[in-house]
Each structure stands twice: as C-alpha cells, then as structure tokens.
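In the working numbering, the protein residues as written are 32 to 441.
Don't be surprised by glycine CBs; every beta carbon is placed ideally from N, CA and C.
Structure, as structure tokens:
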C-alpha cells in the first residue's frame, strides 16, 4: 500500500458523520457485491488487477489497493471506513503486488468524464464555487444529455452510468467492452472529439469557424436543436421559472454583451448603446430581448453569434484530462461525500432534469430509515443491478471481439 498526500481535487472538508455511521453503511447497505460484479464484469482475475484508492479521515491517501473478492473489499471498507473511494484501471498485475513486478502498467479501464458546476461560474448567477441549486442544475442536466447523445449516437456505446458526485458535479462511466480497451491515445482522441469548450483566460469554444460559415457538423447541429437551444431557454430566457439567471439580470446581460463585443470588431459607440438598450429598455420579456439580440447581430452581419453564445453557455465543460489516461482515478458511485454527507447516486439521461441535488439521499437519512426497516436506496440499487447485468452480458458476448474489430474498421 502506498501512502501519499491527498491529490488536488480531493475535499479537505471534515466528515460530518461519525465513524460508526460509516461503518454501518459499508457493513449493511453499500452494494459491495454488485459493485465488484460491475468492476470485474464477471471475471474474478479482472477484479484482482483493479486499482482502488481510499481517502481516510485526516487526509490519509492510500493508493494501489487491490482485492481478491468482494468479501475482502467489504472487510477492508468496514475496517478502514474511508471518506472516499476512487476507482482506477486494470493493471497487468495486482496493484498490491506492484513492487514485485518489473512492469506495472494500466491495461484497461472504463472511459470516464467529469463535469463540475463550478466551471460554469461565469455564466450562472444563483450560485458560485461549490454551491448548486435547482436553478443552475439545468447546466448539469444539459451536459448529461449531450454527453449521452454523443457517446450513444456517434460512437455506439450503450452501457453508460452517470453519477452525481455528491456536491457539485456529475461523472460518467462508459463500461462497454470496446471503450474499456481504448489506448490512452484513443481516449485522448475521443475526449478531443467531444470537447468544444476551452477554458482558461481565453475562454472560447473551438467551433467558431464552423458557426461563422454556417457549416456546423450534423452531430453538433442535432445537439444544438435537441439540447442546447431548449436548455438555454430554460436557463436564461424564463423570468418566471429561472429569474435568478435570466438575461433580465445584469450579470447575464453583461456576459452576453461582452461576448458580442468580443466577436464584432470595431463596435461603435452607437452600436454599444443600441445593444445595451435591448436589455434595459421597457418591460420586455426575456424571449423578446433574445430576439432583439439576434436581430442586432444580424444587422452587423454576425448572425452566428447568438448560436455561439448558446454553445458557450450550455455545452458540457469537461475536465478533459480526467478522460485521457487509463490510470486516472475517479470517485466511485455510492460513496459518501465527506463534505455534504450525500450518497453519490447514479442518474439517467431520461430523469436527470428532474433531479434535485439538494434532496439527494444523505447517509444520516438512509441509516435512520434502515433502522426502521425501510431500505431507501433499494430502487437505486435495483437499477444498478440491471446496469451491471447488461455490462456483464456485453463483456461475455461470444462475438464481442468480432464486433469490436468491425466497429474499429468501419
């Protein structure tokens, strides 16, 4: 076992729950057997070579843990009571034996994606940093739906699991056999294909040239029509359902005006006044103000800019480095977030829009119900079991290798 400092991204918040609660959860509720069935795909040696990491109270970080069975994992969870569990790749040897091997290399892992709401702080008004509410949740909901569409329609993947991270984000696990066998180079190419938003000081989206020429890729056009455009309406054009983030609000109006000014060269003072008037003039609806923006941009021969703004605000903002390497660790589903006490529950693209991050199941509530004989997480565990069965069927299909080769050469 390797003990190291907690890497960036790990919460330093103190566990709001006592250790006996955590012990009871791992002993009686955490779905250890199904969890290991998923991570082994019905192949015990596959599980033995899987890396796990634990974050213990006091920010003690244990890497390169591995287990021969689900029972062994459960015993260790009950004994160590980790605040966080991360899942890594499948190595050529069991990670706990890495020091005895001349070669230690990750060979397989699910393709994963990570999206954090804090990366949208420049476009949301209702919350900042780690806070999240139902008013800014449409940004996460849209991201899940877009990612689900691309992975299924453009790449043919079927076994996707989205998981609420417990505080401010969503993780995606692509468990298809073909996805798990991708090299780091192929993972990077996949992530780059999906990625449109580029953060940093020069925040931008990398499809501006396509938008200027009105030659958007058919896949992106479908995403725009089905998810981004209606998502933008729900997020920014509803003064009744989402007044905190609507373009009636000064920060949102300023964001839009700045994006327009950034992409129209030589904007005159008269143009700037006309643009400002759209947002402050009269008792107009948000829809009417947005139509005014579209008309304004068209009058300056830049009709593509409103679409650019919709992509800029609503398209998934990926932490792209998470997706590029087979040995990258990601938080496991069903663990307890140490800062909120929330259980990291799976979501689906069909129901994500109705999810309320502030009513996510909490460990204290789940344990209270358990003591009364009520198993709160049973429907979630049942759905997870169906997902696991589907993954195992895909992994053990006799023609899986043939299909993988056919898709690679298609």
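Within a Cβ cutoff of 8 Å, which residues of the same chain sit near residue i, ignoring the five residues on either side of it in sequence?
i	result
residue 36	Here the model assigns residue 36 a pLDDT of 34, short of 50, so the residue's position is not dependable, and the following value carries that caveat. Hits under 8 Å: 90 and 92.
residue 230	150 and 348
residue 386	168, 172, 195 and 378
residue 396	407
residue 317	267, 268, 269, 270, 277, 278 and 279
Leaving out five residues on either side along the sequence, give the residues of the same chain with a beta carbon under 7 Å from the beta carbon of residue i.
i	result
residue 211	139, 140 and 141
residue 363	116, 117 and 118
residue 371	197 and 198
residue 361	117, 118, 143, 145, 202 and 353
residue 340	287 and 290
residue 73	423, 426 and 427
residue 321	268 and 278
residue 243	335
Apply the 10 Å Cβ neighbour rule to residue i and answer buried if 16 or more other Cβ atoms are within range, or exposed otherwise.
i	result
residue 222	buried
residue 256	exposed
residue 266	buried
residue 338	buried
residue 137	buried
residue 148	buried
residue 419	buried
residue 224	exposed
residue 278	buried
residue 313	exposed
residue 80	buried
residue 429	exposed
residue 345	buried
residue 296	exposed
residue 413	exposed
residue 273	buried
residue 59	exposed
residue 134	exposed
residue 304	exposed
residue 424	exposed
Just the C-alpha distance for residue i and residue j, rounded to the nearest angstrom, thanks.
i	j	result
residue 78	residue 55	24 Å
residue 433	residue 270	Below a pLDDT of 50, predicted positions are generally treated as unreliable, and residue 433, at 47, falls in that range; no measurement from the model is reported.
residue 311	residue 284	9 Å
residue 206	residue 247	30 Å
residue 83	residue 182	26 Å
residue 49	residue 404	21 Å
residue 245	residue 260	16 Å
residue 459	residue 100	In the structure as shown, the chain begins at 32 and stops at 441. Residue 459 is therefore absent and cannot be evaluated.
residue 57	residue 87	14 Å
residue 239	residue 328	15 Å
residue 122	residue 214	13 Å
residue 373	residue 390	9 Å
residue 400	residue 411	15 Å
residue 108	residue 254	41 Å
residue 162	residue 388	10 Å
residue 178	residue 69	21 Å
residue 302	residue 325	14 Å
residue 290	residue 307	13 Å
residue 152	residue 236	16 Å
residue 106	residue 402	22 Å
residue 85	residue 191	24 Å
residue 249	residue 232	29 Å
residue 376	residue 200	12 Å
residue 170	residue 365	23 Å
Please go through the same chain and pick out, in chain order, the residues whose beta-carbon is closer than 6 Å to the beta-carbon of residue i, but skip the five residues on each side of it.
i	result
residue 145	202, 350 and 353
residue 416	65
residue 38	Below a pLDDT of 50, predicted positions are generally treated as unreliable, and residue 38, at 35, falls in that range; the measurement from the model is reported next regardless. Nothing meets the Cβ criterion.
When the Cα of residue i is compared with those of the options, which residue comes out closest?
i	options	result
residue 406	50, 62, 49 and 214	62
residue 219	96, 143 and 262	143
residue 3	111, 342, 297 and 163	As shown, the chain starts at 32 and ends at 441. That puts residue 3 outside it, with no answer to give.
residue 53	80, 110, 320 and 346	110
residue 422	288, 236, 71 and 398	71
residue 251	209, 319, 297 and 184	184
residue 126	103, 242 and 96	96
residue 288	241, 243, 315 and 336	336
residue 216	357, 153 and 340	357
residue 130	106, 155 and 94	94
residue 159	305, 376 and 275	275
residue 359	204, 315 and 398	204
Would a C-beta distance cut-off of 8 Å place residue i and residue j closer than the cut-off?
i	j	result
residue 175	residue 380	yes
residue 180	residue 258	yes
residue 367	residue 394	yes
residue 369	residue 189	no
residue 193	residue 383	yes
residue 292	residue 286	no
residue 426	residue 208	yes
residue 157	residue 104	no
Can you check whether the C-beta of residue i is within less than 8 Å of a C-beta belonging to chain D?
i	result
residue 353	The chain labelled as chain D is not found in the depicted structure, where only one protein chain is given.
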